[in-house]
Amino acid sequence: MVTLANGFAAYGYGVDLVLARAEGPYLADVSDKVRIIDLNASRVFFSLPALVRYLRRERPRALLSALNHANVIAVAARALARSATRLVVSEHNNPTIAARAERSAAGRAVHAAMRWTYPRADGVVAVSAGVADDLARWAALPRSRIEVIYNSVVTPALVARAAESPAHPWFGDGGPPVVVGVGRLTAQKDFATLLRASPCCAPIGPAGWPSSARATNAPRSRRWSPNSDCRTRWRCPASSTTPMRGCAAPRSSCCRRRGRDCPPC
26 MVTLANGFAA YGYGVDLVLA RAEGPYLADV SDKVRIIDLN ASRVFFSLPA LVRYLRRERP
86 RALLSALNHA NVIAVAARAL ARSATRLVVS EHNNPTIAAR AERSAAGRAV HAAMRWTYPR
146 ADGVVAVSAG VADDLARWAA LPRSRIEVIY NSVVTPALVA RAAESPAHPW FGDGGPPVVV
206 GVGRLTAQKD FATLLRASPC CAPIGPAGWP SSARATNAPR SRRWSPNSDC RTRWRCPASS
266 TTPMRGCAAP RSSCCRRRGR DCPPC
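This note's numbering applies: residue 26 is where the sequence shown begins, and numbers increase by one.
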């Protein structure tokens, strides 16, 4: 959402990035043209009163929210504020799969609330056709109401970084074939399947890298480590960043939750 907020602002729109709590490594990427609104809440759920006050005070023309927790709160806040702000919610996960894997009572309540709140939004966006199809079934929405808009990840900064030469011996002359996977080490990303499918045990050249990594939040039976022959031929650099979650829109956005399990927006 930082990319969207910066892009809207670059086109001359007044943009607020409204955060449950304004913290995280991606704050540094927010343009100076974007106003950051800190609702100072410990969790998205507790940001509801502050978001209601924000909508009544600022009366934004449009509100864009992202991820189901923020979407549910955004719909509730608009109703409580009796606001005429147009609201678009965006969904980034297959709700059927996510609900099946959800263990907390709060998480299950959010998935149930999606069926009541999403139909009350002015627009619904999904990040892929598969997510849109699943969301239509889950939330009992006509498929025609859901627009598919892919994540805005291709930016000038990304193109510039793609042209850089990685400082790693595997990418030098005479290095082995390399498969790169990018994502959080969680069950949802299923890196175990990628590793099983990779020809990592073939004699592809020099080795000597750390042994293994595990997917977090995964049942023990689904955790996987490569066998001893394969361990020396793959590497998993870790990241401990804590990205923000959220939304942005022309002259005011919505709510955002923080967490370590979210990719940069």
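Just so it is clear, CB atoms sit at the ideal spot from N, CA and C, and this is done for glycine as well. All of these numbers come straight from a predicted model, not from anything done at the bench.
Annotated three-state conformation of V97 is helix, per DSSP. Contiguous alpha helix (DSSP H) elements confined to the region 121 to 170 occur at 130 to 142 and 154 to 163, taking only those with 4 or more residues.
For the set M139, R125 and N176, the Cα lying nearest the Cα of I98 is the one of M139. For A222, there is no enclosing beta strand (DSSP E); the enclosing alpha helix (DSSP H) has its first and last residue at F216 to A222. Beta-bridge partners assigned by DSSP to L89: V113. Counting the other CB atoms within 10 Å of its CB gives L183 a total below 16, which places it among the exposed residues.
Residue burial annotation: I62 is buried, with at least 16 other C-beta atoms found within 10 angstroms of its C-beta. Straight across, the Cα-Cα distance linking R78 with L29 is about 24 Å. As a beta-bridge residue in DSSP terms, E172 pairs with V150. Between V150 and I174 a beta carbon distance of about 5 Å is seen, short of the 8 Å cut, so the two are scored as contacting. Residues of the same chain with a CB within less than 6 Å of the CB of S67, apart from the 5 flanking positions on each side, do not exist.
Following the DSSP letters along the chain, one finds V59 inside the beta strand (DSSP E) bounded by residues V59 to D63. With respect to the 9 Å criterion, A126 and A212 are classified as neighbours on the basis of their beta carbons. For L44, the uninterrupted beta strand (DSSP E) run begins and ends at V40 to L44, by DSSP.
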